[in-house]
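Just so you know, we're using the numbering used here here: the sequence shown kicks off at 204 and counts up by one. Beta carbons are placed, not taken as given, at the ideal position from N, Cα and C, and that holds for glycine. What follows is a single structure, written as structure tokens, with notes after it.
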Amino acid sequence: VISAEDLDFSNEAKETLACQYDGEDMEIGFNARFLLEMLSNIDSEDITLELSTPNRAGLLMPAQADENESILMLVMPETSCLFHIHLSFSPLVWVYLQNPFNLFESVMKKSEIRFSIALDDQKVPEAISWQATDAGQDIHFAKAINISIWDRNADGTMKIDLWTKDMPTDAMKYFVVDTIGSMAETIITATSDQKMAAKMRALCQELTDYLEEQGQDDRPNL
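Below, the structure written as structure tokens:
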């Protein structure tokens, strides 16, 4: 619910709206993707929102409104309007996923993860440390990181793979196997594709058996 309170319409390069709201509540339905993008950039409950329509009168209403819904529609006879609003969020549960979640809570809660990489003269990582807002003020250290990012605009994967020069070879191999195993859990959580997850787990087991056999072969004969 977006509550329109103490509106201050401006005439600067714009015409005022033909309708006024005095402390009333109005509901505006947005495309879910746009809503995520908009709310992720909001740092305050008080914002200025600009809405645009074609050169004819337009209506803003919930996208799936039907005859039984009681909705308040905003009539916009102008090309654009600019007004100040105060945001108040009511529970909105995203029900189209395997595990429903509160959309507003997940968007408005912000978390930061910071990585720091110390390099030697040859630009080889000597130390890797990280901090996260959800992990307290402590600085954590790692010998390897593997980050995959799905780029929204390019529709492709970007990867960051770093490891320190004191990372043991056998530990690196197990790190890769563990990464594949964790991705199997990600597949189930995100898509519920049990078959794909089972294949990834089978690969992890095959690689684990291989590493164990390799470890036995590397042991000296007594």
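For residue i, which residues does DSSP report across the bridge?
i: GLN334; result: ARG317
i: ALA345; result: ILE331
In the structure shown, what three-state DSSP assignment does residue i receive?
i: LEU295; result: The pLDDT assigned to LEU295 is 42, lower than 50, so where the model puts this residue is not dependable; a value taken from the coordinates is nonetheless given after this. Residue state, collapsed to three classes: coil.
i: ALA443; result: An answer regarding residue 443 cannot be provided, because it is not within the stretch 204 to 425 covered by the chain.
i: ILE363; result: strand
i: SER351; result: strand
i: LEU410; result: helix
i: GLY418; result: helix
i: ALA405; result: helix
i: GLN325; result: coil
i: GLY339; result: coil
i: SER385; result: helix
i: MET370; result: coil
i: VAL379; result: helix
Using CA atoms only, rank isn't needed, just tell me which of the options is closest to residue i.
i: ASP335; options: ILE352, GLU315, ALA357, THR389; result: As written in the sequence, residue 335 is Ala, which differs from the Asp given in the question. Per the Cα distances, GLU315.
i: HIS343; options: PHE318, ILE350, PHE378; result: PHE318
i: MET399; options: TYR413, GLU388, SER351; result: GLU388
i: SER332; options: ASP341, THR360, SER395; result: ASP341
i: LEU410; options: ASP381, THR394, ASP396; result: ASP381
i: ILE363; options: GLN408, ILE352, THR392; result: ILE352
i: VAL379; options: ILE350, ALA393, ASP324, THR392; result: ILE350
i: GLY418; options: ARG355, LYS376, ALA393; result: LYS376
i: ILE320; options: ALA345, ALA357, ASP337, GLU415; result: ALA345
i: LEU414; options: VAL327, ALA374, GLN325, ASP396; result: ALA374
Below 8 Å on the Cβ atoms is my contact criterion, and I expect residue i with residue j to pass it. Report the Cβ-Cβ distance as a whole number of Å.
i: LEU365; j: ALA347; result: 7 Å
i: ALA330; j: THR367; result: 6 Å
i: MET386; j: MET403; result: 6 Å
i: CYS407; j: ILE383; result: 5 Å
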